[in-house]
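Asker: The structure that follows is given in the form of structure tokens.
Number of protein chains: 2
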Amino acid sequence: MQKKGELVSFRPDIKVVDCTLRDGGLVNGFHFSDEFTKALYQTNLAAGVDYMEFGYKAAREMFDPSAFGKWKFCSDEDIYAIVGDNDTSLKISVMADVGRTNFKRDIVERSNSPIDMVRVATYIHTIPSALEIVEHCKKMGYETTINIMAVSKANDSDLSDALELIGRSCVDIIYIVDSYGSLYPEQMRRLANMYLECADKYGKSIGVHAHNNQQLAFANTIETLTMGVSYLDSTVNSMGRGAGNCPTELLLGFLKNPKYHITPLLRFIENHIDPLKEEGIVWGYDIPFLLTGRLNQHPRDAIQFTAEGRKDYADFYQYLHDKDSF
Amino acid sequence: MQKKGELVSFRPDIKVVDCTLRDGGLVNGFHFSDEFTKALYQTNLAAGVDYMEFGYKAAREMFDPSAFGKWKFCSDEDIYAIVGDNDTSLKISVMADVGRTNFKRDIVERSNSPIDMVRVATYIHTIPSALEIVEHCKKMGYETTINIMAVSKANDSDLSDALELIGRSCVDIIYIVDSYGSLYPEQMRRLANMYLECADKYGKSIGVHAHNNQQLAFANTIETLTMGVSYLDSTVNSMGRGAGNCPTELLLGFLKNPKYHITPLLRFIENHIDPLKEEGIVWGYDIPFLLTGRLNQHPRDAIQFTAEGRKDYADFYQYLHDKDSF
Chain A
1 MQKKGELVSF RPDIKVVDCT LRDGGLVNGF HFSDEFTKAL YQTNLAAGVD YMEFGYKAAR
61 EMFDPSAFGK WKFCSDEDIY AIVGDNDTSL KISVMADVGR TNFKRDIVER SNSPIDMVRV
121 ATYIHTIPSA LEIVEHCKKM GYETTINIMA VSKANDSDLS DALELIGRSC VDIIYIVDSY
181 GSLYPEQMRR LANMYLECAD KYGKSIGVHA HNNQQLAFAN TIETLTMGVS YLDSTVNSMG
241 RGAGNCPTEL LLGFLKNPKY HITPLLRFIE NHIDPLKEEG IVWGYDIPFL LTGRLNQHPR
301 DAIQFTAEGR KDYADFYQYL HDKDSF
Chain B
1001 MQKKGELVSF RPDIKVVDCT LRDGGLVNGF HFSDEFTKAL YQTNLAAGVD YMEFGYKAAR
1061 EMFDPSAFGK WKFCSDEDIY AIVGDNDTSL KISVMADVGR TNFKRDIVER SNSPIDMVRV
1121 ATYIHTIPSA LEIVEHCKKM GYETTINIMA VSKANDSDLS DALELIGRSC VDIIYIVDSY
1181 GSLYPEQMRR LANMYLECAD KYGKSIGVHA HNNQQLAFAN TIETLTMGVS YLDSTVNSMG
1241 RGAGNCPTEL LLGFLKNPKY HITPLLRFIE NHIDPLKEEG IVWGYDIPFL LTGRLNQHPR
1301 DAIQFTAEGR KDYADFYQYL HDKDSF
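Residue numbers (the numbering used here), protein chains in the order written: chain A, 1 to 326; chain B, 1001 to 1326.
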């Protein structure tokens, strides 16, 4: 397999995408204080991070706004209140889920919005709907991505067809997403190879979004980046649903571009992440998440197991096994 | 680079070496109860683990026996008290550190001992002393390994000379040891290539012992195993000094040999590891260990930082930086 770049150099095409608010919001219902959000924005600026994802563009008529913090909805006004004119090199992104967004109403001309990039999360069977959103966003002037979730459940032939379809679209970036944290580096490299072939053919870039169920989020990110993947998702201290994500502090420690700085992140962890953990917000590698990851399952059962304070791992494993078989 | 085996098959040359007592002993001064040790032995048996390392063969005249639990010294009597005749497929190993063992007195004929394998830990500049221990142990009938520690600090030419020297000796297995958890998969694969060349030339096997400072212990273990490394060190739930080790529960989840079973491990974690953590014994990935790993330093400063309950990560990083430069 090909390799781009060496351990001592850096590739200018690499972009780090901070998903702390978006994936971390799945842990705390998006109930971040403005102080936290502003400090994270300043941290990303100082650390040299390339994109900061604020959250979802969810439709207010589909989700109760009183049940979620504001970053479930990411109104332009709320983002402006944090970033002002954002006259910086840090770009702003939001995610739109297929079927959960009123994009025609809520995603307006880029020139009237603080947002630079819209990322569209889709399962493999809803790609035509994802492309509809992408086309709208491109027309409105945004950078766009398609994030094919749960790729570990897709078969090669469907995935190959999906990549062709996406390749021929106007989208800028295609993401490999290991939603369940079930893929090993060997499998991630094989996927990266497949996605990069499509990228070469159609002039796209490839991104990676990894989960840490098997403590492989960082390894899978750097292994695919070494092959040519350039958009790298991470969250501060892994904050994210279940086992969490590729930790930004590890990723920036690996990247050699002198624009990246780890110290602002360390201060943010000290001042803002450790207090969240002390409040009792829980994420990160743990046995229940390893088990759903190993079995290539959605982490929802593990999240519930953890929330109930259960420790009967062996019984839980048996339950997960039985659920999937026969 | 070559690859041995595929993701769906298994290699019969693979051996899992449980280091929970030995590396975990560095966390709690080897103060494990006999109940814990017996349960771990039964767990390893039921899980299909190949070797169980009990601890160090340290010389009693060099270390105060009242300051350490019994597995710092691993007398044959103490091991017999746990395993009886050990008429099982689980082999017993101990570690001897160069300069800290009275091997001529304490390592007796294998036929009079419960021990099957002696592993000799050495820095690259003390290999002749390590070989002296190995020769004694081979004469006494044991399987032997040489574990070259801190290989991330060695230069290629010294390492190449060291491997030649070890290759020509009577040792059975040579270990790649990432003592500081500082090596990336790309570097581990390069090392594995170098060690495997020596193994092919001299008829040795290669082992891997990884630390988790950068959440890469599991990834580095499976990446090198895929290339042909066959002795795989791990500990239950990562228990080990600082950031800990490759977690056995992840490793057995990856291995395809039907003799390995994860459920006994899950029960052991539930009944014996979780209680240790609740007592306040601390190990595993955390920011201070990431920082020493990233800077290729011994974890001792991070262990002290953690023991003092400090959280000023950014200042600590500055301190580690300054210590090493100018």
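Glycine is no exception: its CB is placed at the ideal position from the N, C-alpha and C atoms.
These figures come from a predicted structure and were not determined experimentally.
Can you confirm whether residue 45 of chain A, when its beta carbon is compared against all beta carbons of chain B, has any partner nearer than 7 Å?
Answerer: Within the first sequence, residue 45 of chain A is the residue found at index 45, counting from 1. Closer than 7 Å: no.
Asker: Check residue 1310 of chain B in the structure and name its three-state DSSP category.
Answerer: Your numbering for residue 1310 of chain B matches position 310 in the second sequence. Secondary structure of residue 1310 of chain B (DSSP, three-state): coil.
Asker: If we require 4 or more residues per run, which alpha helix (DSSP H) segments fall completely within the region 1083 to 1149 of chain B?
Answerer: 1103 to 1106 and 1127 to 1139
Asker: Name the chain A residues that come within less than 9 Å of residue 1218 of chain B, Cβ to Cβ?
Answerer: Along the second sequence, read from residue 1 onward, the residue named residue 1218 of chain B stands at position 218. Per Cβ cutoff of 9 Å: 214, 215, 216 and 219.
Asker: Three or more C-beta pairs closer than 8 Å, one from the region 56 to 64 of chain A and one from the region 96 to 108 of chain A: is that the case here?
Answerer: yes
Asker: Curious, which full-length alpha helix (DSSP H) runs of at least 4 residues does the region 200 to 247 of chain A contain?
Answerer: 217 to 227
Asker: Could one say the Cβ of residue 266 of chain A lies closer than 7 Å to chain B's Cβ atoms, at least one of them?
Answerer: One-based indexing of the first sequence puts residue 266 of chain A at position 266. The beta carbon of residue 266 of chain A sits closer than 7 Å to some beta carbon of chain B.
Asker: Output the boundary residues of the alpha helix (DSSP H) element that contains residue 1278 of chain B.
Answerer: Sequence index remark: in the second sequence, residue 1278 of chain B carries index 278 (1-based). Its alpha helix (DSSP H) spans residues 1274 to 1278.
Asker: Below 8 Å CB to CB, which residues in the same chain sit around residue 296 of chain A once its five sequence neighbours on both sides are set aside?
Answerer: Taking the first residue of the first sequence as position 1, residue 296 of chain A is located at position 296. Closer than 8 Å at Cβ, skipping near neighbours: 152, 153, 180 and 182.
Asker: According to DSSP, residue 1053 of chain B sits in a beta bridge with which residue or residues?
Answerer: Here the question's residue 1053 of chain B lines up with position 53 in the second sequence. Beta bridge pairing from DSSP links residue 1053 of chain B with B:1093.
Asker: Quick one, which of A:210, A:228, A:229 and A:227 has its alpha-carbon nearest residue 220 of chain A's?
Answerer: In the first sequence, the residue the question calls residue 220 of chain A occupies position 220. Among A:210, A:228, A:229 and A:227, the Cα nearest to that of residue 220 of chain A belongs to A:210.
Asker: Bridge partners for residue 1018 of chain B per DSSP, in chain order?
Answerer: Indexing the second sequence from 1 puts residue 1018 of chain B at position 18. According to DSSP, residue 1018 of chain B bridges with B:1052 and B:1234.
Asker: Residue 107 of chain A and residue 92 of chain A - do their beta-carbons sit closer together than 7 Å?
Answerer: As a first step, residue 92 of chain A must be located in the first sequence, where it is residue number 92. As a first step, residue 107 of chain A must be located in the first sequence, where it is residue number 107. No, they are not a contact pair.
Asker: Taking the C-alpha atoms as reference points, what is the distance between residue 1050 of chain B and residue 1117 of chain B?
Answerer: Counting from one through the second sequence, the residue named residue 1050 of chain B turns up at place 50. Counting from one through the second sequence, the residue named residue 1117 of chain B turns up at place 117. Approximately 11 Å between the Cα atoms of the pair.
Asker: Run down chain A in chain order and give the residues with a C-beta less than 7 Å from the C-beta of residue 1328 of chain B.
Answerer: Chain B is shown only over 1001 to 1326; residue 1328 of chain B falls outside these bounds and no answer can be derived.
Asker: Please go through the same chain and pick out, in chain order, the residues whose beta-carbon is closer than 7 Å to the beta-carbon of residue 233 of chain A, but skip the five residues on each side of it.
Answerer: Residue numbering aside, residue 233 of chain A sits at position 233 when the first sequence is read from its first letter. The residues are 17, 19, 207, 208, 209, 245 and 246.
Asker: Helix, strand or coil for residue 1260 of chain B, going by three-state DSSP, please let me know.
Answerer: Counting from one through the second sequence, the residue named residue 1260 of chain B turns up at place 260. Three-state result, residue 1260 of chain B: coil.
Asker: So what does DSSP say about residue 27 of chain A, is it helix, strand or coil?
Answerer: Here residue 27 of chain A refers to the residue found at position 27 of the first sequence. DSSP places residue 27 of chain A in helix when its eight states are reduced to three.
Asker: Determine which residues of the region 278 to 303 of chain A have a Cβ less than 7 Å from any Cβ of chain B, and write them out in chain order.
Answerer: 287, 290 and 294
Asker: Do residue 1148 of chain B and the ligand SAH come close, with the Cβ less than 6 Å from some heavy atom?
Answerer: With respect to the ligand SAH, the structure offers nothing, as it holds no ligand at all.
Asker: One question on the structure: do residue 32 of chain A and residue 69 of chain A come within less than 7 Å of each other, judged by their Cβ atoms?
Answerer: For the purposes of this step, residue 32 of chain A is taken as the residue at position 32 of the first sequence. For the purposes of this step, residue 69 of chain A is taken as the residue at position 69 of the first sequence. Contact flag set, yes.
Asker: Within this structure, are the beta carbons of residue 100 of chain A and residue 62 of chain A separated by less than 7 Å?
Answerer: In the first sequence, counting from the first residue as 1, residue 100 of chain A sits at position 100. In the first sequence, counting from the first residue as 1, residue 62 of chain A sits at position 62. Yes. Within cutoff.
Asker: Please work out which residues of its chain come closer than 6 Å, Cβ to Cβ, to residue 306 of chain A, disregarding the five sequence neighbours upstream and downstream, and give them in chain order.
Answerer: Position 306 of the first sequence, counted from the start, is the residue given in the question as residue 306 of chain A. So the qualifying residues of the chain are 288.
Asker: With 8 Å as the limit, tell me which residues of the region 245 to 262 of chain A have their beta carbon closer than that to any beta carbon of chain B; keep them in chain order.
Answerer: For the region 245 to 262 of chain A, the set of positions with a beta-carbon nearer than 8 Å to some beta-carbon of chain B reads 247, 249, 250, 253, 254 and 262 in chain order.
Asker: Does any C-beta atom of chain A lie closer than 7 Å to the C-beta of residue 1185 of chain B?
Answerer: As a working mapping, residue 1185 of chain B is identified with position 185 in the second sequence. By this cut-off, residue 1185 of chain B is an interface position.
Asker: Who are the Cβ neighbours of residue 1022 of chain B in its own chain at under 6 Å, not counting the five residues just before and after it?
Answerer: For the purposes of this step, residue 1022 of chain B is taken as residue 22 along the second sequence, with counting starting at 1. If we look at residue 1022 of chain B and ignore the five residues flanking it on each side, its Cβ neighbours are 1053, 1055 and 1095.
Asker: Between residue 195 of chain A and residue 176 of chain A, is the Cβ-Cβ spacing less than 7 Å?
Answerer: Within the first sequence, the letter at position 195 stands for residue 195 of chain A. Within the first sequence, the letter at position 176 stands for residue 176 of chain A. Their beta carbons are under 7 Å apart, which means residue 195 of chain A touches residue 176 of chain A by this criterion.
Asker: Residues of chain A with CB closer than 8 Å to the CB of residue 1311 of chain B, please, in chain order.
Answerer: Taking the second sequence and counting its residues from 1, one reaches residue 1311 of chain B at position 311. What residue 1311 of chain B touches in chain A: 270 and 274.
Asker: DSSP puts residue 174 of chain A in a beta bridge; with which residues?
Answerer: Residue 174 of chain A sits at position 174 when you count from the first residue of the first sequence. Residue 174 of chain A is bridged to A:146 and A:206.
Asker: Are the CB atoms of residue 163 of chain A and residue 127 of chain A nearer to each other than 7 Å?
Answerer: By one-based count along the first sequence, residue 163 of chain A stands at place 163. By one-based count along the first sequence, residue 127 of chain A stands at place 127. In this structure, residue 163 of chain A sits away from residue 127 of chain A, with a CB-CB distance that is not shorter than 7 Å.
Asker: Could you list which residues in chain B have their beta carbon closer than 7 Å to that of residue 223 of chain A, in chain order?
Answerer: As a first step, residue 223 of chain A is located in the first sequence; it is residue number 223 there, counting from the start. What residue 223 of chain A touches in chain B: 1185.
Asker: Give, in chain order, every residue of the region 1151 to 1178 of chain B whose Cβ lies closer than 8 Å to some Cβ of chain A.
Answerer: none
Asker: Restricting to Cα atoms, I'd like to know which of B:1243, B:1184, B:1125 and B:1120 is closest to residue 218 of chain A.
Answerer: Taking the first residue of the first sequence as 1, we reach residue 218 of chain A at position 218. Among B:1243, B:1184, B:1125 and B:1120, the Cα nearest to that of residue 218 of chain A belongs to B:1184.
Asker: Give the single residue among A:265, A:256 and A:133 whose Cα lies nearest to the Cα of residue 7 of chain A.
Answerer: For the purposes of this step, residue 7 of chain A is taken as residue 7 along the first sequence, with counting starting at 1. Taking only the C-alpha atoms, the option nearest residue 7 of chain A is A:256.
Asker: Let me know if residue 1155 of chain B comes out buried or exposed under the rule of 16 or more other beta-carbons within 10 Å of its beta-carbon.
Answerer: Taking the second sequence and counting its residues from 1, the one referred to as residue 1155 of chain B is at position 155. It counts as exposed.
Asker: Would you verify that the beta carbon of residue 317 of chain A is, or is not, closer than 7 Å to some beta carbon of chain B?
Answerer: Within the first sequence, residue 317 of chain A is the residue found at index 317, counting from 1. So, interface residue.
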